[in-house]
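Participant: Here you go, one structure.
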Amino acid sequence: MFIYLSANDIIKLDKGGIKMKIITFTAIKGGVGKTTLTLNYGDWLAKHGKKVLLIDLDHQCNLTTVFEKTRRNNTIAEAFKENDNAQKVKIDSVGPNLDLIAGFIDLDVLGSYLENNSNKEMMLFMWFKNNSDSLNLTDYDYILIDTHPDFSTITKNAIAISNYLLSPITPSEHGYNAKFDLETRLEKFRKSLFDYRTGETYVDAKLFFIVNMIRHNTSMSRDLLKHIEGDETVATIIPERELFNKATARHASIFELANHDKSVLKQNQKFIKKADHLFQELASKTK
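As numbered in the numbering used here, residues 4 to 290 make up the sequence shown, in order.
Written as structure tokens, this is what we have:
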């Protein structure tokens with residue numbers, strides 16, 4: 004699909020010219036730790052002095068429910084509605100330097116209504132353009148978007164506005180194949196969404212993979228590590244730790260939990276330090 008946006012439209016969002024970086028966490032298959040990584044990377048950035056906005060584009064709303072109950076009004080769904088029917092999106096403060104735009108449990112249904120819209124994959128782009136001033140979106144250093152594990156219209160909207168895509172892959176039967184599946188779909192999407200005047204794609208996000216949930220005592224983990232050896236698209240490797248599940252169950256990142264529970268910090272001090280280093284690696288790829 005080709006579309007036309009004026010030079011002013013592009014400059015208004017200006018993905019490459021402002022300090023803000025938009026990062027989408029995306030995956031074709033579920034259960035790879037995407038939401039957990041969005042939460043923990045966002046909180047890590049916030050604790051390192053960056054102003055971060057989390058956007059929940061997954062209709063399961065797992066990221067939202069870490070911080071608050073789901074609601075039906077003033078969510079990210081408003082970005083995909085016609086102007087006459089749209090409410091104002093509400094940005095909630097959920098921690099120091101950390102804000103959230105809540106998800107919507109029927110976002111997948113709303114997405115299905117967009118199929119006949121000629122600009123269906125650029126609606127979030129246009130919403131950013133139209134609301135960046137009123138919502139002070141460019142004040143953020145990072146915007147992190149959590150998506151549903153698919154390549155739907157809603158997910159494509161997130162990809163189209165992103166500077167970076169981070170996709171977790173795990174040591175499972177189809178884990179490594181998911182890497183090639185996403186790369187293939189992304190390349191096809193790049194070719195389908197372009198400015199017909201210049202032939203340049205609007206989809207210019209850099210794709211990196213996070214090798215996640217690694218257990219060094221299993222053959223699947225060893226095989227995956229062997230496959231990705233020397234792969235420059237791999238941003239970092241994160242081991243499996245129950246601490247991630249424990250923190251999420253207590254509605255916190257691992258860093259926030261360690262800050263508030265001395266026993267957790269004492270038991271996991273070495274890993275917390277390692278996690279800090281791993282997220283530094285990730286930040287070096289997405290700066």
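Even for Gly, the Cβ is constructed at its ideal location relative to N, Cα and C.
When the Cα of L281 is compared with those of T251, A261, A238, which residue comes out closest?
Facilitator: If you number the sequence shown from 1, residue 281 lands on position 278. For the residues T251, A261, A238, the minimum Cα distance to L281 belongs to A238.
Participant: Using the Cβ count rule (16 or more neighbours within 10 Å means buried), how would you classify G178?
Facilitator: On the sequence shown, residue 178 is found 175 positions in, with the first residue counted as 1. The residue in question, G178, is buried, as its Cβ has 16 or more Cβ neighbours within 10 Å.
Participant: Whether or not the stretch 46–53 and the stretch 64–82 are in contact is what I'm after, with contact meaning three or more pairs of Cβ atoms, one per stretch, closer than 8 Å; do they touch?
Facilitator: Cβ pair count under 8 Å is below three, so no.
Participant: From what residue to what residue does the alpha helix (DSSP H) around G98 run?
Facilitator: For the purposes of this step, residue 98 is taken as residue 95 along the sequence shown, with counting starting at 1. No alpha helix (DSSP H) holds G98; the beta strand (DSSP E) holding it covers 94–98.
Participant: Would Y44 and L285 be called neighbours here (beta carbons separated by less than 8 Å)?
Facilitator: As a first step, residue 44 is located in the sequence shown; it is residue number 41 there, counting from the start. As a first step, residue 285 is located in the sequence shown; it is residue number 282 there, counting from the start. Yes, the pair counts as a contact, with Cβ atoms nearer than the cut-off.
Participant: With distance defined between alpha-carbon atoms, name the residue in M129, L42, S266 nearest to E85.
Facilitator: Here residue 85 corresponds to residue number 82 of the sequence shown, with the count starting at 1. Nearest C-alpha to E85: M129.
Participant: Taking DSSP as the reference, what is the three-state secondary structure of K24?
Facilitator: As a working note, residue 24 is residue 21 in the sequence shown. K24: strand per DSSP, three-state reduction.
Participant: Within a Cβ cutoff of 8 Å, which residues of the same chain sit near K91, ignoring the five residues on either side of it in sequence?
Facilitator: As a position in the sequence shown, residue 91 is number 88, starting the count at 1. Cβ neighbours of K91 beyond the five flanking positions: N77, E81.
Participant: How many Å lie between M125 and A163 at the Cα?
Facilitator: Your numbering for residue 125 matches position 122 in the sequence shown. Your numbering for residue 163 matches position 160 in the sequence shown. Between M125 and A163, the C-alpha separation is close to 7 Å.
Participant: Once DSSP output is grouped into helix, strand and coil, what is the label at K209?
Facilitator: As a working note, residue 209 is residue 206 in the sequence shown. Strand.
Participant: Exposed or buried, K159, counting other C-beta atoms within 10 Å across all chains shown (16 or more means buried)?
Facilitator: Here residue 159 refers to the residue found at position 156 when the sequence shown is read from its first residue. Classification for K159: buried.
Participant: Can you determine whether any heavy atom of the ligand MN sits closer than 7 Å to the C-beta of D61, and answer yes or no?
Facilitator: The ligand MN is not part of this structure, which contains no ligands at all.
Participant: Taking its Cβ as the centre, do 16 or more other Cβ atoms sit within 10 Å of K194, making it buried, or is it exposed?
Facilitator: Residue numbering aside, residue 194 sits at position 191 when the sequence shown is read from its first letter. Exposed: under 16 other Cβ atoms inside 10 Å.
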